[in-house]
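Chemist:
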Amino acid sequence: MLVAGLASVKTTKADFPDLGQRMSPFERTPPWSVYVPPQDKVEVTADSDLELAVCSAPGKGSFPARVIRPQDVGVEHRGKGRNQRQVHNILPDSAQADCLLVVEVYTDEGATSSWPSHKHDTALPGRETQLEETYYHRFDPPQGFAFQRVYTDDRSLDACMAPYNHDVVMVPRGYHPVAAIAGYDSYYLNVMAGPDRRWLFSWEEDHAWINSPDYPRHD
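Written out as structure tokens, the structure reads:
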């Protein structure tokens, strides 16, 4: 996935030249990506300064290599009040893939995202899927940072951190909200994978009211 810059990509059976458009993720335009099945070989040639994200997980090789163009990426605006974000669904569960789910999220300064707290760490048929997740963080201006907490109901995992530009946060289980601090817009790239390739999650009960008409509390 081309976070920023231009590139050409070759696999053993396909050639995808002249990919890319945005030179910064903060242009907020959908990215170019290439889906590559397992056991295939891939060669990436940078055609400019390039920031490349390699998002990987085990797979069966059910689908051939293909380009995911910006026009193939679904753009959503989620949330309300100080909990709004712009979402680019690069590889959602409706798209063909063995295991991966890939999405990028923009959060304006002083706002929250991945909020209300939700989790996807338990296989509950029709309600929740078991997915591990990573967050790759970027900030504008680049000296910024965010606050992120990863925690479970029983607090057997409860970690608070301040990721900086280019940091990666691992979410093996539990809730994982993010807060962007004033003055710094937040970008993160989410990569998820698990045995059931559907994004089904459970809200943390204490904070689910953020989704209700009771929020925002003040106009």
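Residue numbers (our numbering): 7 to 225. Glycine included, every Cβ here is placed at the ideal spot set by N, Cα and C. Bear in mind the structure is a predicted one, so any value in this text is a computation, not a measurement.
1. State the Cα-Cα distance for the pair aspartate 104 and glutamate 138, rounded to the nearest angstrom.
2. Could you give the distance in angstroms between the alpha-carbon of arginine 203 and the alpha-carbon of valine 108?
3. As an exercise, report each continuous alpha helix (DSSP H) stretch of at least 4 residues that is fully enclosed by the region 118-172, in chain order.
4. My assumption, with CB atoms under 8 Å, is that histidine 143 sits in contact with valine 175. Please give the rounded CB distance.
5. Can you find the residues in the same chain that come closer than 7 Å, C-beta to C-beta, to alanine 185, ignoring five residues on each side of it along the sequence?
6. Looking at C-alpha atoms only, which residue of Phe69, Gln136 and Phe32 is the closest neighbour of tyrosine 112?
7. Tell me the DSSP bridge mates of asparagine 196?
8. With H, G and I counted as helix, E and B as strand and the rest as coil, what does DSSP make of glutamate 211?
9. Using the beta-carbon count (16 or more within 10 Å), is aspartate 127 buried or exposed?
10. Grab the span of the beta strand (DSSP E) containing histidine 1 for me, first residue to last.
11. With contact counted as at least three CB pairs below 8 Å, one residue from each stretch, are the region 8-15 and the region 49-57 in contact?
12. Report the residue from Arg133, Pro183, Asp191 and Pro44 whose alpha carbon sits nearest the alpha carbon of serine 208.
13. Would you tell me roughly how many angstroms separate the C-alpha atoms of tyrosine 194 and arginine 91, rounded to the nearest one?
14. How far does the beta strand (DSSP E) with leucine 33 in it extend, from its first residue to its last?
15. Please report how far the alpha carbon of glutamate 211 lies from the alpha carbon of isoleucine 96, in whole angstroms.
16. What residues are listed by DSSP as bridge partners for valine 14?
17. Which one or two residues does DSSP pair with glycine 92 in a beta bridge?
18. For leucine 58, which beta-bridge partners are listed by DSSP?
Modeler: Short version:
1. 15 Å
2. 11 Å
3. none
4. 7 Å
5. Thr118, Ala152 and Phe153
6. Phe32
7. Val109 and Tyr141
8. helix
9. buried
10. Nothing can be reported for residue 1, as the shown portion of the chain is limited to 7 through 225.
11. yes
12. Arg133
13. 11 Å
14. Going by the sequence as given, residue 33 is glutamate instead of leucine. Note, glutamate 33: premise wrong, no beta strand (DSSP E); not H, not E.
15. 29 Å
16. According to the sequence shown, residue 14 is serine rather than valine. Beta-bridge pairing links serine 14 to Thr51.
17. First, the amino acid is wrong: residue 92 is glutamine here, not glycine. Glutamine 92 pairs with His83 and Tyr112.
18. Leu8
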